[in-house]
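Trainee: Under the numbering used here, the first residue of the sequence shown is numbered 1474, with each subsequent residue one higher.
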Amino acid sequence: MIYYRNESKDPYYNLALEELLTKETTISDEILLLWQNDNAIIIGVNQNTIEEINNDYVKEHQVNVVRRLSGGGAVYHDLGNLNFTFIFNKNQANIRNYSFFTEPIITVLQKLGLNAQFSGKNDLEIDGKKISGNAQYLYKNRIMHHGTILFNVDLTILPKTLKPDLTKLQSKAIKSVQARVTNILPLLKHQITIEEFKALIIAELEATKNTKVLDVPIELKIKAQQLAQEKYRTWQWNYGNSPAFNWENKVRIPNKGTVDIKLAVEQGVIKTIKIYGDFLGAKGTKSLEQQLINQPYNYQIMQQLISEVEVKEIFGPTFTKEEILAILVK
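#1: Do L1506 and Y1610 have their beta-carbon atoms positioned less than 9 Å apart in this structure?
#2: What is the DSSP secondary structure of E1497, reduced to helix, strand or coil?
#3: Would you say the stretch 1567-1582 touches the stretch 1549-1556, given that touching needs at least three Cβ pairs under 8 Å?
#4: Would you decide whether D1600 is buried or exposed? Buried here means 16 or more other CB atoms lie within 10 Å of its CB.
#5: If you follow the beta strand (DSSP E) that N1554 is in, where does it begin and where does it stop?
#6: Under a three-way DSSP split, which group does E1503 fall into?
#7: Run through the stretch 1522-1610 for me and flag every whole beta strand (DSSP E) of 3 or more residues, listed as ranges in chain order.
#8: Is E1480 helix, strand or coil by DSSP?
#9: For F1624, tell me which candidate among N1614, I1667, L1635, T1634 has the shortest Cα-Cα distance.
#10: When burial is assigned at 16 or more other CB atoms within 10 Å of the CB, is G1586 buried or exposed?
#11: Can you find the residues in the same chain that come closer than 8 Å, C-beta to C-beta, to Q1773, ignoring five residues on each side of it along the sequence?
#12: For the putative contact between K1563 and N1479, defined by C-beta atoms under 8 Å, what is the C-beta separation to the nearest angstrom?
#13: Find the nearest neighbour of Y1477 within the set I1504, Q1565, I1734, judged by alpha-carbon distance.
#14: When the Cα atoms are used, what is the spatial distance from E1786 to Y1530?
#15: Starting from H1618, follow its DSSP beta bridges and name the residues at the other end.
#16: Going by DSSP, which residues form a beta bridge with N1722?
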């Protein structure tokens, strides 16, 4: 495994570097990145940015808003949050296997005396409170798994930047986002810095995966800066055009995620469709949306067009065709 040092706190560059290393054909090694973003909201690839963020607060406090490649929900990053990324060749043992990738993180936390464990579909928890969310992205023969670690985040800012998904809170019988999460630092018997915590993760992987510590090659840094400028800093990527809709159905399925379908239907035919949500499928929604445009808005037609395999690739392995059809055709 290669650990690439990355001291950048620029979220646009960091996400560009992630993508570049995932798609870089000259690198076949397993890769680890540990990185931090300063004052940023990171949006899931399938989410409607405007509906997820508190736009007034974001503008006033100049919060960076960046869309990532993977699914899942929006998260707030400050310098008290540590992000980790694993990039591997995909196989049956690791594809959609969130616990596989989080195992070394859990091991380090447990060595620090914390009761950390994998929970639900993509979280790490300590004593029932979330300290990490995870997501994945597939590209050809490579899998990118990344996650957040709440080390010492300002939890008073977190609810100000994001609009809470009330259906999610209600399904978990809790009153706020803050009630669900906790930082690692105050739980430690012996205080350490986030840099020391990073060093413990690297040491664990040096011992178990023979990890080599390297700087990002200068040519890859230049390519990542260019990708950040051409893609990750653009309004089109982070917000995108919002077409007109005349029908919406938003449903949260417990332990699976939220699916929000918006449609424009004219004379019984789908003219525009956009699917949003925090579901964790490894394939984007674009192919399904294109497949449904100009089709009759009819349950039987939708049933014929959508396959069970496609549903699991787009929305996640626990979703069924019937569940998506029930949301799509009310």
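Positions of the beta carbon are idealized from the N, C-alpha and C atoms, including for glycine.
Mentor: In short:
#1: Numbered from its first residue, the sequence shown carries residue 1610 at position 137. Numbered from its first residue, the sequence shown carries residue 1506 at position 33. The Cβ atoms of Y1610 and L1506 do not sit closer than 9 Å to each other.
#2: Counting from one through the sequence shown, the residue named residue 1497 turns up at place 24. Here E1497 sits in coil by DSSP.
#3: No: fewer than three Cβ pairs fall under 8 Å.
#4: The count along the sequence shown starts at 1 and reaches residue 1600 at position 127. By the neighbour-count criterion, in which a residue is buried when 16 or more other Cβ atoms sit within 10 angstroms of its Cβ, D1600 is exposed.
#5: As a working note, residue 1554 is residue 81 in the sequence shown. Bounds of the beta strand (DSSP E) holding N1554 are 1554-1562.
#6: Locating residue 1503 in the sequence shown gives position 30, counting from the first residue. If DSSP states are grouped into helix, strand and coil, E1503 belongs with coil.
#7: Taking only runs of at least 3 residues, the beta strand (DSSP E) segments lying wholly in the stretch 1522-1610 are 1537-1540, 1548-1550, 1554-1562, 1589-1592, 1596-1599.
#8: Here the question's residue 1480 lines up with position 7 in the sequence shown. Note: E1480 maps to coil in three-state DSSP.
#9: Locating residue 1624 in the sequence shown gives position 151, where the first residue counts as 1. It is I1667.
#10: Reading the sequence shown from its first residue, position 113 is the one you call residue 1586. When all chains shown are included, G1586 counts as exposed.
#11: Numbered from its first residue, the sequence shown carries residue 1773 at position 300. Cβ within range, chain order: n/a, list empty.
#12: Within the sequence shown, numbered from 1, the residue matching residue 1563 stands at position 90. Within the sequence shown, numbered from 1, the residue matching residue 1479 stands at position 6. Taking a contact as a CB-CB distance under 8 Å, the pair K1563 and N1479 does not count as one, their CB atoms being some 23 Å apart.
#13: Your numbering for residue 1477 matches position 4 in the sequence shown. Looking at the Cα atoms, I1504 is the closest of the given residues.
#14: If you number the sequence shown from 1, residue 1786 lands on position 313. If you number the sequence shown from 1, residue 1530 lands on position 57. Our two residues, E1786 and Y1530, have alpha carbons roughly 35 Å apart in a direct line.
#15: Here residue 1618 corresponds to residue number 145 of the sequence shown, with the count starting at 1. Partner(s): F1559, Q1609.
#16: On the sequence shown, position 249 is the one that residue 1722 refers to. I1734.
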